[in-house]
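Reviewing the structure listed below.
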Amino acid sequence: MRKVVRGKLHGIRVTGADLDYHGSITLDPDHCEAAGILPMEFVDIWNKSSGARISTYVIYGERGSRCCILNGAAARTCQRGDEVIICNSAYVAEREIEDIKPVILTFNADNSIHERLGYDVSRDEQGRLAFSIIKFD
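Read in order, the letters of the sequence shown are residues 110 to 246 in my numbering.
Okay, here's the thing in structure tokens:
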């Protein structure tokens, strides 16, 4: 089995941090649903501002809020305004790689969705794997 990208929130900005909360990252359900990220699902978070990399689970915040709030220990890794990448993943057999269709959302400074992209893996005429990015909007 191979660990592959399943969905990604690319360049979303941290809107808050709550050190005293039990843990997790709070995200707008609209963003999560569009990228295929479920509540309680573990995600990797990569801070583009500091280089920090962490893993935690998702809880849904207020719908339409555009929130991205780091909670508990994760709150120490990000500050309000930091640009982060949030990625969920899946384990697939190599033969299934062409069936995975990750959705990637990119964001404006106010956490509104800028672009909806997709990753596509296919085979060329010689049977070799090929990768492309598809723009949905």
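The beta carbon of each residue, even a glycine, is placed where N, CA and C say it ideally should be.
Values in this document were obtained by computation on a predicted structure and should not be read as measured data.
Per the DSSP calculation, residue i is bridged to which residue(s)?
i	result
R225	L214
H131	Answer is none; H131 lacks a bridge partner.
K112	Y200
N248	Given that the chain is displayed from residue 110 to residue 246, the structure contains no residue 248 and the question cannot be resolved.
L147	For L147, which the question treats as bridged, DSSP gives no partner whatsoever.
I121	V193
I154	I163 and I195
C177	L136
R172	Answer is none; R172 lacks a bridge partner.
Looking at C-alpha atoms only, which residue of the options is the closest neighbour of residue i?
i	options	result
S164	S133, N217 and I213	S133
V167	L147, A161, H140 and S158	L147
R70	S231, S159 and L238	The structure shown does not extend to residue 70, since the chain is modelled only from 110 through 246, so no value can be given for it.
R204	R237, G120 and A144	R237
H140	I243, R232, N217 and R162	N217
M110	A184, S241, I206 and V201	V201
H119	T135, E142, I154 and P138	I154
E207	A161, D229, D246 and E142	D229
E150	D246, S174, S198 and E224	S198
Can you tell me where the beta strand (DSSP E) with residue i in it begins and where it stops?
i	result
D139	Not the beta strand (DSSP E): D139 falls in the alpha helix (DSSP H), residues P138 to A144.
F183	Correcting the residue type first, residue 183 is Ala in the shown sequence and not Phe. Unbroken run through A183: none, as it is neither H nor E.
F240	L238 to K244
I163	R162 to Y169
For the ligand FMN, any of its heavy atoms closer than 8 Å to the Cβ of residue i?
i	result
L118	As presented, the structure is devoid of all ligands, the ligand FMN included, so that no description of it is given.
Three CB pairs or more closer than 8 Å across the region 172-189 and the region 125-143: yes
Touch test, the region 111-120 against the region 213-228, Cβ-Cβ under 8 Å, three pairs minimum: yes
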